[in-house]
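Residue numbers (this note's numbering), protein chains in the order written: chain A, 1 to 325; chain B, 1001 to 1325; chain C, 2001 to 2366; chain D, 3001 to 3366. Using N, Cα and C, we set each Cβ at its ideal position, and we do this for glycine too. In this text the structure is predicted, and so the values were computed from the model without any measurement.
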Ligand SMILES: Cc1ncc(C[n+]2csc(CCOP(=O)(O)OP(=O)(O)O)c2C)c(N)n1
Ligand SMILES: Cc1ncc(C[n+]2csc(CCOP(=O)(O)OP(=O)(O)O)c2C)c(N)n1
Ligand SMILES: [Mg+2]
Ligand SMILES: [Mg+2]
């Protein structure tokens, strides 16, 4: 099978799910004839028609609300945020209406809200965001954030079939840089399960999305230069978190670095640290440490963005610190 | 000096600041002649006029955006959310426009967004929320959440004079239940400083807002029944967090329980646990544990709400667990 | 005695059969009687949380909902209890909900009339955040259009809620997509304490219609037959592919925003004037007896019947069990039976014992 | 040769002096020349991030901003580079900003023309989230009304942005409060790839005015004098306490949403038609030379002057230093010089050494 890019994997998942289930349809800004700002839906309108690939007005709350209503009546809407940064305009609709629908009124609300997220692309403060932490404390939502093309496809299929609302973040830095070979047939990658990217015995890096790749670079450098064996866990799903996978790696290496691209304060690493503390405190031979972006809005100029975001060299230094502790 | 309630303390702070500085004005729904859903602004319009106590249409994003614009041009707007649950409608405006204003465009944006928050009042999922965690990961914002009438007044004055945007949460359960004696004169309680509610030596409870009072009940019971000496830290300001106060209590008692009314996953306790881990891991004689609401939208029926929210008995059990560890 | 009208709709001005005219009266009376019962229960502190009235507005909810088929979908707000009754909500459900009973439609999760049924009777459970139901109903009706189903939707918003961004995004979306949706602006003069003049500078809320490219109709919201007529036309337009209609129903909120509100902000005499001269039930009784040949006794019989229904429902609801705490952890996710209970619930001793530690714990240098 | 007009405004149809007529031409020419220079720099990969053009829309930005006083406040969007120039933004600022230079107005924090100056020249730095500037400008102008200052505001929104909730909440708020605000809807036919017909079902966007209770005026956005005239009237109304005006300026986006966009979605010939028959600069040149007696040579002289200005600014901007990484931690809070740098930056060894431990650490049974 030929390799395809991350964004092509997204497109394949959408096409296959729309093919499989007539209830699946796409809704978003410029996703029709134009195929979306990143071409994730390219060709879908030509193939499935204007009824199933709908160009919406610029109204994120309207789009998400409409998706919820359709989902109540048996549809499986997939909403695209042109950039995930604009999901903030649907924050009320997602946290108050969508997330609570099943609990407060027994309303089925199987929607997917997907879009390009993340930095390292000189996008500035409004085209680089990582909104996962803003939704982590909303019971009723699920949050997926894949790092490979294979997971992007398999998890998006799982998200579309999931009976609960799923926020699906696609790191735009990975869209065309990362390629993968898709398994033959209708393969689902279940939500809620982390992936061991690399086995290791001295310390563990727990991360997700684009920083998985930085963790790999760091691990290889540390193996070469320090003879350190670093295990890497890709969480893949952030809500619910895969506690079992986190605990297993802590018990194995006793040293953990939690890494994410989002800012530190209030970022997901805090929750992960708390869980490690609660579930396997006694196995820790060093404090759980975090490598994240600095606590500032993400600036756009290359030297500034590079300084603010976590780099491979930061992971290397932090791992050496943990190993030396 | 006579005792006044928490909500009267809020009103006094607003009146004194409006008296002191003509740039201060209030903006919100039904805050004028009616004095607001909880009467926090009662009498202010009669005293300061319609220009300085403005009844706004039902548009939280409009209210917060307008406040930001006014702040750019020298005003000090104080916005009321009728219930803090509706701040979610201004989430984009707060996190993208307001929080970044100074950083991205050198725009001064000294606004206060205040309103009644919290549960224990049978308010159901949309009149009981604790939104602090949703804003914790937004650099540029400050978050205040007082637990006493004295702090409510002194911190609101500090918030209004602060040159940065401040989210000011007022727990509605405390509005009329809690009284305090206001110090004479123009007394400010600075943001960013925690308060030691009760000295203790066996373990520490780190909390804020309504659960400070549950912590006190628990501490007294534990003193009586178990001879345990429990220290209580009221964080008061959640962004920025008072790391020094947190570290000091950990080093003193070596056992910490972090308590909040908000749900657990993605709640602020995660961030606090991570910081304790990073700053004073070696002083911990037990894992940092959390007592919080269960991870569900807050239901309204009394038996359900009581089951979901943290109760004094929960704090007592958790403290016994920590002490016995 | 006056000979009763034949059941032939064509036979009277309203285009309604005697049964239909009677039904409209029964629904309005049931709405008012049920709300009055709720007030009594509220005073006995049997109602948990706030109580919202639609006194004087019953014609808006009843007349509009009466224009829908069972398969059509309704999105009510707190002032639209009457519309839910018309769509099949049972008084006992509403009483249980208000009393936070364990067998209430939301099992105690939500308040007052925040509940729905999208499986059979087709009304959607509202949330508090105003305006949000408009995009939701745009999506419900988009679905019907996409699937070619002969169904329409009706969503209410208050005069105040028209200021929300969600209202704007929702009606605009529905208009562009020509969704079969009727948007009813129930203008009762106030949003909590705020008069409509402080909510918008527009001369009338129906003036918003042109900005969305949809027809707009303003009607007397206290004339149930007028409300029904304009809604029926809008529903017909939606059903025949004509898309969205914006209706503005002029009415008046005679009670406070909720039971606790003393309405200090209302100009003296305003409430009384509406009560005396423009009560929707009084007005309808006059028309029924004068234009449509109903005997006062026939209406009195309905009142008695309605009273008995509410009494019976109250007895049942009062017997209903309270909610069970642990049930609060059920139903957040489809895939999950219940959330795990917090670690510290149960006995401290067991909690400590059950906390996992490494084999060598105690000697282990953490 | 034609005798030049006197500087007396009354002396010509547009009610503008020769200097003013000339200025309008210069601003439009500068806008276009500067954007063309940016395209050149973009092709040389000296521009960081996307490049947004206003080709064919220059009259909207220039004509409207020209109606403001220096004390008045402007809120530009990405298509309104020309309006910022009129308000005093320097070409070198824009070039530095697009090239992410350390001495750019935002010190590299924000992109393209996302910057402002509320101290002296009075234009507000926009954010990407469409619609958000409308409530902000409602607040700016509310302030002027509250303080009794003789100042007005002008905010642009695109046809697409009129669909946002923020636009709705902002203009409604401003209308109710009678804020001295002019809301300019720049209708260029597209929102990225979406034609206005898929953005709204309204026949024209100006039809939204009635729904907010404000006057609405639709004008030819490619006739700079027409744009100036309608804006001047709206500004005068705002200044005299008349509140909000909604203007819809009809124009056309001849380039893609951004430089990368190939406009595959545009019907063949549409762009060419606008370019040939309805270019705002060509049209203005015709009027200047025929109606107002300008010599082509005079305009050519301005073009040369503008070219020289842009050349000079480019040279300076290219010399500007790049941003300095650690500066990224400055300016998030007023109270704080800079955010602390992350713990792992710097040497691992020192980091370990500097990590605090209890006195008895090592023996201490944690
Ligand atoms: C987004 C939002 N903001 C504020 C509120 C608080 N609130 C509840 S009802 C109400 C007034 C509603 O007025 P209107 O829309 O006219 O409906 P009515 O009560 O008159 O039927 C307000 C402000 C809310 N529920 N939602
Ligand atoms: C709230 C929001 N949603 C989506 C976007 C992405 N976006 C940027 S520009 C644009 C099109 C804007 O069209 P229009 O308002 O007509 O302005 P124009 O580009 O035509 O000047 C979109 C959808 C955004 N910036 N903000
Ligand atoms: Mg109303
Ligand atoms: Mg446009």
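Measure the C-alpha to C-alpha separation of residue i and residue j and round it to an integer number of angstroms.
i, j, result
"residue 3163/D", "residue 77/A", "21 Å"
"residue 1330/B", "residue 1029/B", "The displayed coordinates of chain B run from 1001 to 1325. Any statement about residue 1330/B would go beyond what the structure contains."
"residue 1332/B", "residue 3132/D", "Any property of residue 1332/B remains undetermined from this structure, which presents chain B solely from 1001 to 1325."
"residue 1016/B", "residue 313/A", "52 Å"
"residue 3339/D", "residue 171/A", "26 Å"
"residue 3314/D", "residue 260/A", "39 Å"
"residue 3181/D", "residue 3115/D", "20 Å"
"residue 3306/D", "residue 3030/D", "6 Å"
"residue 2274/C", "residue 2026/C", "22 Å"
"residue 3183/D", "residue 3229/D", "15 Å"
"residue 3121/D", "residue 1185/B", "41 Å"
"residue 3244/D", "residue 3169/D", "14 Å"
"residue 2254/C", "residue 2197/C", "18 Å"
"residue 1320/B", "residue 2344/C", "10 Å"
Which of the three DSSP states is assigned to residue i in this structure?
i, result
"residue 4/A", "strand"
"residue 229/A", "coil"
"residue 94/A", "helix"
"residue 64/A", "helix"
"residue 3106/D", "coil"
"residue 3250/D", "strand"
"residue 1079/B", "strand"
"residue 1116/B", "strand"
Any beta carbon of chain A sitting closer than 8 Å to that of residue i?
i, result
"residue 1278/B", "yes"
"residue 3208/D", "no"
"residue 1122/B", "no"
"residue 2173/C", "yes"
"residue 3363/D", "Confidence in residue 3363/D is poor, its pLDDT being 38 and thus under 50, which makes the residue's placement too unreliable to answer from."
Does any C-beta atom of chain D lie closer than 8 Å to the C-beta of residue i?
i, result
"residue 1015/B", "no"
"residue 2168/C", "yes"
Examine chain B for any beta-carbon lying closer than 8 Å to the beta-carbon of residue i, and answer yes or no.
i, result
"residue 3058/D", "no"
"residue 3178/D", "no"
"residue 3213/D", "no"
Within 10 Å of its beta-carbon, does residue i have 16 or more other beta-carbons around it, so buried, or fewer, so exposed?
i, result
"residue 2064/C", "buried"
"residue 3321/D", "exposed"
"residue 2363/C", "Caution applies to residue 2363/C, whose pLDDT of 38 falls short of 50 and renders its modelled position unreliable; the value that the coordinates give is listed next. That one is exposed."
"residue 3010/D", "Bear in mind that a pLDDT of 46 at residue 3010/D, under 50, signals an unreliable position, so the number given afterwards is only what the model happens to contain. Exposed is the call here."
"residue 1131/B", "buried"
"residue 2112/C", "buried"
"residue 220/A", "exposed"
"residue 1310/B", "buried"
Quiz item: Given 8 Å as the limit, is there contact between the region 241–255 of chain A and the region 199–209 of chain A, that is, 3 or more CB pairs closer than that?
Solution: yes
Self-check item: Contact between the region 3125–3142 of chain D and the region 2141–2161 of chain C (3+ Cβ pairs under 8 Å)
Solution: no
Quiz item: Just checking, does the region 116–126 of chain A make contact with the region 76–91 of chain A on the three C-beta pairs under 8 Å criterion?
Solution: yes
Exercise. Tell me, please, whether the region 96–111 of chain A touches the region 140–152 of chain A by the rule of three or more beta-carbon pairs shorter than 8 Å.
Key: yes
Exercise. Evaluate contact between the region 3172–3179 of chain D and the region 3095–3104 of chain D, counting only Cβ atoms and requiring at least three cross-stretch pairs below 8 Å.
Key: no
Quiz item: How about the region 1270–1289 of chain B and the region 299–308 of chain A: do they share at least three Cβ pairs that are nearer than 8 Å?
Solution: no
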